[in-house]
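Peer 1: Take the position in the sequence shown, starting the count at 1, then add 134; the result is the number in the working numbering.
Even glycine gets a Cβ: it sits at the ideal position worked out from N, Cα and C.
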Amino acid sequence: QVSLINTLGGNKMIKDWYKAKKVTDKTWVEGQLIVSHTGNYWIVVSYDETSDVVEKYRVDEGTLCRWSGHSDMYGKKIFKNDICMYDGSPTVVNYGGYYSKDYDCHIEGWYHVSKGYAQEFQFAILGIEVIDNIYDESKLRTGSIIYIFNTFLPDGSVNIVEAQVQEVWDDGKMVAQSVNDESSWILY
């Protein structure tokens, strides 16, 4: 892994581990994140302090996924926005502030949506498997149930909509419709 350093050539380096898609060929790369003074995002894969040689790739900041610090049952790292088989169902791993119905308070941390509301992601559950990422061609198929974070409400909670996948297009986009009303979305 990359040595932890605060700056690299005057740019801000984030110490957490990330993955993102390269701008050049849209393949995944993981390492430490740099935000340059010009606003570009880079992933540093390796850095040799003695020779000052850096292997880095410019990445699409829209695909940034922070590592949770945990791995699935096969040793694959679990990142934010990964789709995991979790307790027998596919779910998306998220990080941020959410309202916990279980504790009746706002929490910041790793979570997923189950039964229509945000819940803490329990990494200790056996059998977790990373199956996809929301930025890849989805393995979700027509008829799959997904949860969409539709809007943030004035109290800071998230409106979470249960939806069913209606169509999956060749480019990975999908059409989903709410199971409760006629609302529908095109998801990228």
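Assuming M219 contacts E263 under a Cβ cut-off of 8 Å, what Cβ separation, rounded to an integer in Å, is found between them?
Peer 2: Here residue 219 is taken as the residue at index 85 of the sequence shown, counted from 1. Here residue 263 is taken as the residue at index 129 of the sequence shown, counted from 1. Right, their Cβ atoms sit about 5 Å apart.
Peer 1: Can you list, in chain order, the residues of its chain whose CB lies under 6 Å from that of T197, leaving out five sequence neighbours each side?
Peer 2: What you label residue 197 is simply residue 63 of the sequence shown in a count that begins at 1. Answer for T197: A154, K155 and Y269, listed in chain order.
Peer 1: Please name the residue in Q300, N215 and V163 whose C-alpha comes closest to that of Y245.
Peer 2: Numbered from its first residue, the sequence shown carries residue 245 at position 111. Nearest C-alpha to Y245: N215.
Peer 1: Skipping 5 residues on each side, what residues in its chain have a beta carbon closer than 6 Å to that of D186?
Peer 2: On the sequence shown, residue 186 is found 52 positions in, with the first residue counted as 1. Cβ within range, chain order: n/a, list empty.
Peer 1: Give me, in chain order, the residues of the same chain whose beta-carbon lies closer than 8 Å to that of R192; leave out the 5 immediate sequence neighbours on both sides.
Peer 2: Residue mapping note: residue 192 aligns to position 58 of the sequence shown, counting from 1. Only K156, V157, T158, N174, Y175 and W176 meet the Cβ criterion.
Peer 1: I'd like to know whether the C-beta atoms of I241 and Y232 end up nearer to each other than 9 Å.
Peer 2: For the purposes of this step, residue 241 is identified with residue 107 of the sequence shown, where counting begins at 1. For the purposes of this step, residue 232 is identified with residue 98 of the sequence shown, where counting begins at 1. Yes, they are a contact pair.
Peer 1: Straight-line CA distance for D182 to T225?
Peer 2: Residue 182 sits at position 48 when you count from the first residue of the sequence shown. Residue 225 sits at position 91 when you count from the first residue of the sequence shown. Going from the Cα of D182 to the Cα of T225 covers about 38 Å.
Peer 1: So what's E263 in DSSP terms, helix, strand or just coil?
Peer 2: As a first step, residue 263 is located in the sequence shown; it is residue number 129 there, counting from the start. Assigned with DSSP and collapsed to three states, E263 falls in strand.
Peer 1: So what's G222 in DSSP terms, helix, strand or just coil?
Peer 2: Numbered from 1 along the sequence shown, position 88 holds the residue referred to as residue 222. Of the three classes helix, strand and coil, the one that applies to G222 here is coil, per DSSP.
Peer 1: From the DSSP output, in three-state form, read off E183 for me.
Peer 2: Translated into the one-based positions of the sequence shown, residue 183 becomes position 49. In the structure shown, E183 sits in coil (DSSP, three-state: anything other than H, G, I, E or B).
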